[in-house]
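Scroll down for the structure; my scribbles are underneath it.
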Amino acid sequence: MIHCQALRWGAPGQPLTPAVDFELPKGSLTAVIGANGSGKSSLLKVIAGLQKPLTGKVILDVPRKGSLSFLPQQQHLDRQFPISLQALVAAGFWGSNQSPEIRRDRLKAVLEDWCLKGLEQRPLMALSGGELQRALLARLSLADAPVLLLDEPHAALDELGQSLLWKHLHAWHAEGRTLVVVCHDLAAVRQHIPQTLLIKSSGCVLGPSTALIHQQPHTQVA
Amino acid sequence: MLAVAQLWQPFHEFVFMRRALIGGLVLACSTAPLGVFLILRRMSLIGDAVAHGILPGAALGFWFAGLSLPALTLGGLGAGLSMAGIAAWITRRTGLREDASLAAIYPISLAGGVLILGIAGKRLDLLHLLFGSALAVDGPTLTGMLWVSGFSLIAMACIYKPLLLDTLDPLFLQTVSRLGPLAHGVFLTLVVLNLVIGFQAIGALMVVGLMMLPAAASRFCSRRLPVLMGIAALLGSLSVWLGLLLSFYYSLPSGPAIVLVAGSLYVLCVVFGPVHGLLRRPPLLTSQ
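Chains as they are written, first to last, in numbering that gives the first Met the number 0: chain B, 0 to 221; chain G, 0 to 287.
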């Protein structure tokens, strides 16, 4: 459960919305949509505890460390960093106490899951944007966190990658995890994600995706 | 042309050469991983800033205790750490980039140091402090270098994983662990510690060369982080050894000789390095 109380966020002195209250129930799958600069990514960071809210608070029913996984946008990463894809993905095991054998098997399975087999030893700079995105998603899936926050997970993914992504999102949803996804592809949101949080400078609207997105002309929101 | 025996003979024959060699080698090994991480964190010039900033502390130490190793070390350590600490604090409070804060703090620190030396009236040789002399490494300094190198290698091994993630993907690390700032702090402390112990031996500015040149050169040799650190340590050690020999046989100042050898190795790596090197062959299709 993610409960936001009288929450305002944004740059100091410049809140993006009036104070908002909303609650994302445990096991829900929610899309966050809104125009550029409306504060979608910042909202995820505030929920993840990476950024302080201006007012109000975010209450989680689980401790943040260890039970929350965050998929950042990939431009944060230094593509020149001398590390292999496998080492990047394996960072998802942080804090896990599984034995090395179990980890090895899981890592293999996850790499296969995300169609990254054969790329294990590739350095980051030799990966395409889509491959890197799948690697970040693979790292996220190793963490087994009950709360998943994904910032534009579909970025740089081709059709195959997107269908993989939606397959995994639905699987995670079915496992009862709480998911919050920032997404620009409104058609896909409408098709795949039951609940949508629309951020506007006048406030936030939380409702069924089909209702919310139907009302909005495509050009205004995206 | 040096005969093979001549490569060992000075170190065999003279205690001061042996001390300089051992001190330089351990320093090269402990500064190599620090330099590699400084470059990866885009803080390549921080070493320079810190090396300058150490001066007022060393000057104060000199003022109170004369040319004594513990006083100079403690003073330099205090100045270096407080400078790095203040810069980190300003960065966290204001969001200004860390290099900007450090670049603003170090001239203050440097000017303070020169001022203190001027007021003190006694003349500590500034040139010696900045450029040092490897051949003047005495027993206690060597012991200090061994301790610092051992400690920083062990500490680096301990913070390696969090530091790696904090460098590559700080947002991810922040969501899974609180170790990021700690690793950052320990890392900066180690940088200061190595620069302070190094400035006794080859001079503050020359240690920066020993720290950064092999690290920068290694980027042209591999794409794997552990290999990079190994190569940097190797190149650093090679520079110390060849530099000391050159300074011995041709009566050159030892600090610059070491750094210039490291500089030549860097140029060689830029030209011939297999990764991004100017003359690298186009990668084969099967090379992955």
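Positions of the beta carbon are idealized from the N, C-alpha and C atoms, including for glycine. Quantities reported herein were computed from a predicted structural model and do not represent experimental measurements.
Quick one: give me the first and last residue of the alpha helix (DSSP H) that residue i is part of.
| i | result |
| --- | --- |
| residue 178 of chain B | Not the alpha helix (DSSP H): residue 178 of chain B falls in the beta strand (DSSP E), residues 177 to 181. |
| residue 258 of chain G | 253 to 271 |
| residue 305 of chain G | For residue 305 of chain G there is no data in the structure shown, the boundaries of chain G being 0 and 287. |
| residue 208 of chain G | 203 to 217 |
| residue 42 of chain B | 39 to 47 |
| residue 234 of chain G | 224 to 248 |
| residue 68 of chain G | 68 to 93 |
| residue 152 of chain B | First-last for residue 152 of chain B: undefined, no H or E at that position. |
| residue 107 of chain B | 99 to 112 |
| residue 140 of chain B | 128 to 141 |
| residue 98 of chain G | 97 to 119 |
| residue 62 of chain G | 54 to 64 |
Quick one, which of the options has its alpha-carbon nearest residue i's?
| i | options | result |
| --- | --- | --- |
| residue 167 of chain G | B/168, B/90, B/192 | B/90 |
| residue 144 of chain B | B/23, B/35, B/65 | B/65 |
| residue 136 of chain G | G/21, G/208, G/114, G/159 | G/21 |
| residue 68 of chain B | B/177, B/81, B/117, B/206 | B/177 |
| residue 187 of chain G | G/17, G/11, G/44 | G/44 |
| residue 72 of chain B | B/57, B/94, B/43, B/50 | B/43 |
| residue 49 of chain G | G/73, G/30, G/68, G/78 | G/78 |
| residue 252 of chain G | G/98, G/231, G/202 | G/202 |
| residue 112 of chain B | B/80, B/186, B/132, B/137 | B/137 |
| residue 144 of chain G | G/171, G/200, G/184, G/158 | G/200 |
| residue 41 of chain G | G/12, G/30, G/97 | G/97 |
| residue 31 of chain G | G/231, G/139, G/274 | G/231 |
| residue 63 of chain B | B/47, B/53, B/132 | B/47 |
| residue 0 of chain B | B/6, B/7, B/22 | B/22 |
| residue 185 of chain B | B/8, B/6, B/57, B/30 | B/30 |
| residue 259 of chain G | G/185, G/193, G/245, G/5 | G/245 |
| residue 74 of chain B | B/131, B/205, B/58 | B/131 |
Measuring straight from C-alpha to C-alpha, what distance separates residue i and residue j?
| i | j | result |
| --- | --- | --- |
| residue 192 of chain B | residue 224 of chain G | 40 Å |
| residue 285 of chain G | residue 155 of chain B | Reliability of the predicted coordinates at residue 285 of chain G is poor, the pLDDT of 47 falling under 50, and no value is obtained from them. |
| residue 106 of chain B | residue 55 of chain B | 39 Å |
| residue 18 of chain B | residue 40 of chain B | 17 Å |
| residue 188 of chain B | residue 15 of chain B | 23 Å |
| residue 83 of chain G | residue 104 of chain G | 9 Å |
| residue 154 of chain G | residue 163 of chain G | 14 Å |
| residue 207 of chain B | residue 173 of chain B | 18 Å |
| residue 160 of chain B | residue 95 of chain G | 38 Å |
| residue 85 of chain G | residue 12 of chain B | 25 Å |
| residue 220 of chain B | residue 32 of chain B | Here residue 220 of chain B scores only 48 on pLDDT, less than 50, and its place in the model should not be relied on; the value that follows carries that caveat. The alpha-carbon atoms of residue 220 of chain B and residue 32 of chain B are separated by roughly 7 Å. |
| residue 236 of chain G | residue 242 of chain G | 10 Å |
| residue 139 of chain B | residue 92 of chain G | 30 Å |
| residue 208 of chain G | residue 47 of chain G | 9 Å |
| residue 3 of chain G | residue 247 of chain G | 15 Å |
| residue 57 of chain G | residue 112 of chain G | 8 Å |
| residue 63 of chain G | residue 114 of chain G | 15 Å |
| residue 167 of chain B | residue 36 of chain G | 35 Å |
| residue 141 of chain G | residue 206 of chain G | 15 Å |
| residue 76 of chain B | residue 67 of chain G | 46 Å |
| residue 157 of chain G | residue 29 of chain G | 14 Å |
| residue 222 of chain G | residue 229 of chain G | 12 Å |
So, for residue i: in the same chain, excluding its five sequence neighbours on each side, which residues have a beta-carbon less than 8 Å away from its beta-carbon?
| i | result |
| --- | --- |
| residue 289 of chain G | Nothing about residue 289 of chain G can be reported from this structure: the residues present for chain G run from 0 to 287 only. |
| residue 299 of chain G | A question about residue 299 of chain G goes unanswered here, because the residues of chain G that appear run from 0 up to 287. |
| residue 129 of chain B | 155, 156, 157, 160 |
| residue 264 of chain G | 212, 213, 216, 234, 237, 238 |
Looking at the strands, I want to know which residues DSSP matches up with residue i.
| i | result |
| --- | --- |
| residue 172 of chain B | DSSP output for residue 172 of chain B lists no bridge partner at all. |
| residue 161 of chain G | Answer is none; residue 161 of chain G lacks a bridge partner. |
| residue 68 of chain B | B/147 |
| residue 23 of chain G | Beta-bridge pairing links residue 23 of chain G to no other residue. |
| residue 161 of chain B | Residue 161 of chain B is not bridged to any residue. |
| residue 30 of chain B | B/180, B/195 |
| residue 56 of chain B | B/4 |
| residue 22 of chain B | B/2 |
| residue 14 of chain B | B/9 |
| residue 122 of chain B | B/83 |
Residues in the same chain with beta-carbon distance under 7 Å from residue i, minus the five sequence neighbours each way, listed in chain order, please.
| i | result |
| --- | --- |
| residue 176 of chain G | 161 |
| residue 92 of chain B | 102, 141 |
| residue 121 of chain B | 83, 84 |
| residue 80 of chain G | 188, 191 |
| residue 109 of chain G | 51, 52, 54 |
| residue 10 of chain G | 16, 17, 20 |
| residue 59 of chain G | 74, 115 |
Would you give the residue range spanned by the beta strand (DSSP E) that residue i belongs to?
| i | result |
| --- | --- |
| residue 82 of chain B | No beta strand (DSSP E) holds residue 82 of chain B; DSSP gives it neither H nor E. |
| residue 199 of chain B | 194 to 199 |
| residue 205 of chain B | 202 to 207 |
Ordered along the chain, which non-local residues of its own chain (more than five positions away) have a Cβ less than 6 Å from that of residue i?
| i | result |
| --- | --- |
| residue 239 of chain G | 23, 24, 27, 257 |
| residue 190 of chain G | 33 |
| residue 76 of chain G | 195 |
| residue 87 of chain B | 134 |
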